[in-house]
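Trainee: Can you keep this structure in mind? I'll have questions shortly.
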Amino acid sequence: VTESYENVVVAEVAYSDNAKIVSHIRKGHIPRSNFMSVIEVEDATGSEEGAYNLLSADEVEKNLLSHGITKDTKVVLYGGDISGTARVAYAYIWAGVEDVKIVNGGIDAWEKAGYET
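Just so we're aligned, residue 3 is where the sequence shown starts under the numbering used here, counting upward by one.
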């Protein structure tokens, strides 16, 4: 994936906690991929008023920049929860990232296609 692109970030998306990060490492992932949390772009309080609402533009921008993502970065996302992955993709597009993709079928499709993890 990353060899044919310059300035690309590949990331597995999930709600972050230490258990999920360890799971990400143990189960395998797309080579050179990062781990990104849904809570980097949306409210995770669980409150009726806040749940799933985007964070402020400043917070989303700060989190994007912490991963080296700017409007010109190509971003490829995958994750076990397509809803969460799609919400992160939406937030990145909303924030101005011009090229955001989701791996159709996630890690399972990646492995089934014969790519290494």
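All C-beta atoms in this analysis are idealised placements derived from N, C-alpha and C, irrespective of residue type, glycine included.
Quick check on residue 70: buried or exposed, where buried means 16 or more other Cβ atoms within 10 Å of its Cβ?
Mentor: The count along the sequence shown starts at 1 and reaches residue 70 at position 68. Exposed, by the Cβ-count rule.
Trainee: Taking only three categories from DSSP, how would you classify residue 66?
Mentor: For the purposes of this step, residue 66 is taken as residue 64 along the sequence shown, with counting starting at 1. Of the three classes helix, strand and coil, the one that applies to residue 66 here is helix, per DSSP.
Trainee: Kindly indicate the opening and closing residues of the alpha helix (DSSP H) around residue 101.
Mentor: By one-based count along the sequence shown, residue 101 stands at place 99. Per DSSP, residue 101 belongs to no alpha helix (DSSP H); it is in the beta strand (DSSP E), 101 to 104.
Trainee: Among the residues of its own chain, which have a CB less than 8 Å from the CB of residue 39, if the five just before and after it don't count?
Mentor: By 1-based counting over the sequence shown, the position of residue 39 is 37. Within the same chain, residue 39 has close Cβ partners 15, 16, 17 and 18.
Trainee: May I ask you to report which of helix, strand or coil DSSP gives residue 114?
Mentor: Looking up residue 114 in the sequence shown gives position 112. Three-state result, residue 114: helix.
Trainee: In the DSSP assignment, what residue or residues form a beta bridge with residue 39?
Mentor: Locating residue 39 in the sequence shown gives position 37, counting from the first residue. 16.
Trainee: Tell me, please, whether the stretch 53 to 73 touches the stretch 104 to 115 by the rule of three or more beta-carbon pairs shorter than 8 Å.
Mentor: Cβ pair count under 8 Å is below three, so no.
Trainee: Among the candidates 8, 76 and 65, whose CA atom is the shortest distance from the CA of residue 104?
Mentor: Residue numbering aside, residue 104 sits at position 102 when the sequence shown is read from its first letter. Of the candidates 8, 76 and 65, the one whose C-alpha sits nearest the C-alpha of residue 104 is 76.
Trainee: To the nearest angstrom, how far is it from the Cα of residue 11 to the Cα of residue 49?
Mentor: For the purposes of this step, residue 11 is taken as the residue at position 9 of the sequence shown. For the purposes of this step, residue 49 is taken as the residue at position 47 of the sequence shown. Spanning the two alpha carbons is a distance of roughly 31 Å.
Trainee: What separation, rounded to the nearest whole angstrom, lies between the Cα atoms of residue 56 and residue 86?
Mentor: Taking the first residue of the sequence shown as position 1, residue 56 is located at position 54. Taking the first residue of the sequence shown as position 1, residue 86 is located at position 84. Cα-Cα distance, rounded: 12 Å.
Trainee: Name the two residues that bound the continuous beta strand (DSSP E) containing residue 80.
Mentor: For the purposes of this step, residue 80 is taken as the residue at position 78 of the sequence shown. Residue 80 -> beta strand (DSSP E) spans 76 to 80.
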